[in-house]
Amino acid sequence: MRMFSVSHKTALVVDHCPYMAESSRQLIECDMLTKSRSQGVIPLAPVSKSLWTCAIECSMEYCRIVYDVYPTNKLVNYIVSDSEVHILNSWKQEDQNTQQLMTALAAVGPPNPRQDPECCSVLHGLVAAVESLCKSTEYQHESRTTLMDTAERVANRGRIICLTNAKSDTHVRMLEDCVLETIQEQNKRAAGSDRLMPIQQCELVLVHIYPQGEETLVSDRQKKELSSVLSSEVHSVRAGRYLACKLNVLVQPHFDLASTTITNIPMKEEQHANTSANYDVELLHHRDAHMEFIKSGDLHMAGSTSRDSGLKETVTLKWCTPRTNSVELHYCTGAYRISPVDVNSRPSSCLTNFLLNGVSCRTPVERAKSQLERHTRYWPMIISQTTIFNMQAVVPLANLIVKDTLTDEDVLTCQKTVYNLVDMERKSDPLPISTVGSRGKGPKRDEQYRIMWNELETLVKAHVGTSERHQRVLDCISTCRSKPPEEEERKKRGRKREDKEDKTEKNGKDREEKGWTADSERLKGVMEREKDEQSECEIIKDSPDSPEPLNKKPRLATEEQQPPEKSKGPVSLLTLWTNRITQANSRKHQEFAGRLSSVNNKAELYQHLKEENGMDVHENGKATR
């Protein structure tokens, strides 16, 4: 089936009934007076927005974010409902812009509080939304005509977002039942029509808006499956900035968006030209932009508690002054469209202009350092020094154990990896043990697995203090390493069998060596004659005409040997890394008391005996009277 996701079509229904003209009771100060206020000036009274104005502003911001990030393929149908239905745009791509919506909303106007509320209902808009979802978009029509005989394989999914002021939970259930009945009726009509498409899946999001200072009569509810076609969720939100934050949070899962906050942006204050302040700007973009953070386990979601009561997850980037030419290509893994959350703020507009001029924003270096330290706690630099990093079976555990936090699924994956290694050991599968610099067949199979388990335990122990779930992975390894008695007996029998094979192979080699003895006796005479000829040549070389041999440097005494000087040439990465590991290991143990009090790294023995005999110890370490 050709997949069109639920986010392909979104029907936005806004209630235009008289009760939406009620005040939100969020006061807005209009009198922006300075300290130098004149005497006798009466300040202006604060004003408040209506529920309708709050709903329109938030829904338009919802549409703006969608249009910014997805200029095509994500369509919004805006519907206003009162005594009749006002459809402000269609599914056509040319109708998908905020300018047309603003013009149409201006023509609709605010709700009339003197209108008869019995004649108005949001049900008209919900019915129109279901009918609109049954209509095919340009993209769906193109897919249906391309597939021709298999047009029924094109899926039709959509979402309905309704902004209204519900009376109670019973009223909400009545709206849900109305939507479900309308979907069933429209699907029957679409089954016998070539122009309509039946709805396979519909998500209903009901947002109940109520004034500040009042108690809500509608309770929140998580997504609930009402039928195989319809699912519903309810959000009860106070009007004003709380509603704006709620729709900003909802748009992210609806369209697979993620949040990134640019921090510490220096900007000069408009009121005070000689001062500056740091600002933060939040951006929305596709979730794939954080894929590299997710892979590396460095997705530190900073819980930005906004003033709008919403706890939003966001990744922070730090502002940095550009030090390279704007035409130079920076390291980049992908390009994604962005949309500022607060598009009208001065920091957002300035940041947008800066980014267009080539200024870069990067992750904080402190976080990168901690990530590098976490990934290199156990990091063999040479292939011959490791076993587990040459094994494909250990890759899932090695990738997960370096993460700062583990989920229950991550722990389960690590445990499955350990059980897979246990199964490999039971089957005596060969391991990629390096045999560089060694003769023979290398270590035995039991020894290979002992080396592997020790190294795996070292890797996990390096991260065991990170969280309790890391400790569970280590406990799993420790449990699997302790074998039952019957397993040990089987291993012993296997080792005895390998010893017998080695002895048999050794006896075969001894018989071959006896066959070589007769040949070696015949070669002895030839070798002795060659030695005599070589000694005669040496006598000739020692004649007075031969040059004098080079004088060898005398071996210095142990006390006179100087420590080796540091190499002045370039140092390899392996040397740097080895020195770092050596220094880190040297800090882990307590130094000997004699070495701490030594001079030139030499400790004088039996000092107390020499002090009793009246001998002094000089700085050079030699004792004199």
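For the sequence shown, counting from 1, position 604 maps to 584 in my numbering; every step adds exactly one.
A virtual CB, placed ideally from N, CA and C, is assigned to each residue, including glycine.
- Cα separation between residue 111 and residue 200? Spanning the two alpha carbons is a distance of roughly 27 Å.
- Message: DSSP has residue 137 in a bridge; who is on the other side?
- Response: Residue 137 is bridged to 181.
- Out of 408, 114 and 198, which has the shortest C-alpha to C-alpha gap to residue 425? Selection 408, 114 and 198 evaluated against residue 425 yields 408 as nearest (Cα-Cα).
- Message: Assess contact between the stretch 343 to 363 and the stretch 255 to 270, defined as three or more Cβ pairs (one per stretch) separated by less than 8 Å. Is contact present?
- Response: Judged by Cβ distances under 8 Å, the stretch 343 to 363 makes no contact with the stretch 255 to 270, as fewer than three pairs qualify.
- Contiguous alpha helix (DSSP H) assignments of at least 4 residues, all confined to the stretch 425 to 466: Qualifying alpha helix (DSSP H) stretches, in chain order: 425 to 441 and 448 to 461.
- Task: In angstroms with no decimal places, state the Cα-to-Cα distance between residue 94 and residue 63.
- Result: Rounded to whole angstroms, residue 94 to residue 63 spans 13 Å at the Cα level.
- Task: Could you pull the start and end residues of the alpha helix (DSSP H) that residue 590 belongs to?
- Result: Start and end: 587 to 592.
- Taking residue 215 as part of the alpha helix (DSSP H), name the residues at either end of that continuous run. Element bounds for residue 215: not the alpha helix (DSSP H) but the beta strand (DSSP E), 210 to 218.
- Taking only the alpha-carbon atoms, compute the straight-line gap between residue 579 and residue 405 and give it to the nearest angstrom. Their backbone Cα atoms lie some 53 Å apart in a straight line.
- Query: residue 460 and residue 402: beta carbons closer than 8 Å?
  - Reply: Cβ distance < 8 Å, so residue 460 and residue 402 count as in contact.
- Which first and last residues belong to the alpha helix (DSSP H) in which residue 376 is found? The continuous alpha helix (DSSP H) containing residue 376 extends over residues 375 to 381.
- Going straight from the alpha carbon of residue 612 to that of residue 214, what length do you get? This structure cannot settle anything about residue 612, because the visible part of the chain is limited to -19 through 605.
- Item | Range covered by the beta strand (DSSP E) that runs through residue -11 | From DSSP, the beta strand (DSSP E) with residue -11 extends over -11 to -5.
- Query: Do the stretch 222 to 242 and the stretch 32 to 51 touch if we need at least three Cβ pairs shorter than 8 Å?
  - Reply: Below 8 Å, enough C-beta pairs join the stretch 222 to 242 and the stretch 32 to 51 to call them touching: three or more.
- Query: Residue ranges of each beta strand (DSSP E) run of no fewer than 3 residues wholly in the stretch 20 to 47, ordered along the chain?
  - Reply: Fully enclosed beta strand (DSSP E) runs of 3 or longer: 27 to 30.
- Query: Secondary structure at residue 551, three-state DSSP: helix, strand or coil?
  - Reply: It is coil, neither helix nor strand.
- Query: Cα-Cα, which of 231, 572, 195 and 140 is closest to residue 211?
  - Reply: Selected option, being the one with the closest Cα: 140.
- Please list, in chain order, all residues of the same chain as residue 48 whose beta carbon is under 7 Å from its beta carbon, the five residues on each side excluded. Excluding positions up to five away in sequence, the list reads 317 and 319.
- Message: According to DSSP, simplified to helix, strand and coil, what is residue 55?
- Response: In the structure shown, residue 55 sits in a strand (DSSP, three-state: E or B).
- The alpha helix (DSSP H) spanning residue 329 covers which residue range? Taken as a continuous stretch (DSSP letters only), the alpha helix (DSSP H) holding residue 329 covers 326 to 336.
- Message: By alpha-carbon positions, which one of 559, 184 and 326 ends up nearest to residue 153?
- Response: Checked all of 559, 184 and 326; the closest Cα to residue 153 is 184.
- Query: Considering residue 320, what are the terminal residues of the beta strand (DSSP E) in which it resides?
  - Reply: For residue 320, the uninterrupted beta strand (DSSP E) run begins and ends at 318 to 320, by DSSP.
- Message: Can you look up residue 73 in the DSSP assignment and give me helix, strand or coil?
- Response: Helix.
- Item | Residues near residue 207 by beta carbon distance below 7 Å, same chain, minus five either side | Excluding positions up to five away in sequence, the list reads 160.
- Mind pulling the alpha helix (DSSP H) runs of 4 or more residues that sit fully within the stretch 73 to 130? Those alpha helix (DSSP H) runs which fall completely within the stretch 73 to 130 and span 4+ residues are 78 to 88, 103 to 114 and 118 to 127.
- Item | Given residue 204 as reference, the closest of 196, 220, 186 and 194 once Cα atoms are compared | The residue with the shortest Cα to Cα distance from residue 204 is 186.
- Message: According to DSSP, residue 142 sits in a beta bridge with which residue or residues?
- Response: -7 and 186, per the DSSP bridge assignment.
- Message: Can you check which of these residues, 434, 392, 432 and 1, is closest to residue 450 by C-alpha distance?
- Response: When C-alpha distances from residue 450 are compared across 434, 392, 432 and 1, the shortest belongs to 392.
- Does the distance from the C-beta atom of residue 146 to that of residue 6 stay below 8 Å? Contact flag unset, no.
- Message: Can you find the residues in the same chain that come closer than 6 Å, C-beta to C-beta, to residue 238, ignoring five residues on each side of it along the sequence?
- Response: 267 and 270.
- Task: Report the three-state DSSP secondary structure of residue 396 (helix, strand or coil).
- Result: Residue 396 falls in the helix class under three-state DSSP.
- Item | Pair within 8 Å by beta-carbon distance, residue 442 and residue 358 | Contact flag set, yes.
- Query: In whole angstroms, what separates the C-alpha of residue 586 from that of residue 558?
  - Reply: When rounded, the distance between both Cα atoms is 36 Å.
- Item | Whether residue 209 touches residue 179 by CB criterion (8 Å) | With contacts defined as CB atoms closer than 8 Å, residue 209 and residue 179 qualify as a contacting pair.
- Query: Is the CB-CB distance between residue 29 and residue 61 below 8 Å?
  - Reply: Contact: no.
- Message: Per DSSP, what are the beta-bridge partners of residue 349 in this structure?
- Response: BP columns for residue 349 are empty, so no partner.
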